[in-house]
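Novice: There's a structure below that I have some questions on.
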């Protein structure tokens, strides 16, 4: 299905106006793009993650549909979806870390390919914390990282969502990567 940005924008405006049925009509129009975002996020998660892309979409969509936001357009919706998916995964990472028995002990299996560890959970939480700090320093750079790294969007797609030039996206991406590298290195010391 080809996404018509105008139809999506009209449905978002209807949701703003209180039309509850508009949310049901919106999902089929944006599902493929949300699934691509969710699959991109899940590729970066630990292998034993219990959340599947479809469940991530459902959780994110429920949060978005219930949000009291002034939806602007399709790009605004997709950008917010990427943010909400990141939040869902961070919430799952925190819950997973809290459920681990034995404090900081890690479960080690005999077969390396089956080893279950919290390394990816810790990475997700550290990255989330660093991105939150980057948001305070440079909100646009943080949004570029979120859309590119987690959302798997191209430079051109990010430029459209953020209404900036692709060259600005590339510059923000490069600067944000340097900033995050330094921030995450500091966390390891």
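Numbering (the numbering used here), first residue to last: 4 to 192. By construction, the Cβ of each residue, glycine as well, lies at the ideal position given by its N, Cα and C atoms.
#1: Return the CA-CA distance between residue 98 and residue 80, expressed in angstroms with no decimal places.
#2: Alpha carbon to alpha carbon, how far is residue 90 from residue 67? Give it in angstroms, no decimals.
#3: Taking DSSP as the reference, what is the three-state secondary structure of residue 144?
#4: Go ahead and label residue 149 buried or exposed: buried means 16 or more other beta carbons lie within 10 angstroms of its beta carbon, across all protein chains shown.
#5: Cα separation between residue 171 and residue 162?
#6: Does the separation of the CB atoms of residue 144 and residue 96 fall below 7 Å?
#7: Going by CA-CA distance only, name the one from 126, 141, 84 that's closest to residue 40.
#8: What is the DSSP secondary structure of residue 75, reduced to helix, strand or coil?
#9: Can the beta-carbon of residue 155 be found less than 7 Å from the beta-carbon of residue 24?
#10: Once you ignore the five residues that flank residue 28 on each side, which residues in its own chain have a CB closer than 8 Å to its CB?
#11: Under a three-way DSSP split, which group does residue 43 fall into?
#12: Would you kindly work out how many angstroms separate the C-alpha atoms of residue 151 and residue 157, rounded to a whole number?
#13: Quick check: the Cα distance between residue 34 and residue 185, rounded to an integer number of angstroms?
Specialist: Judging by the given coordinates:
#1: 27 Å
#2: 12 Å
#3: helix
#4: buried
#5: 8 Å
#6: no
#7: 84
#8: coil
#9: no
#10: 14
#11: helix
#12: 7 Å
#13: 36 Å
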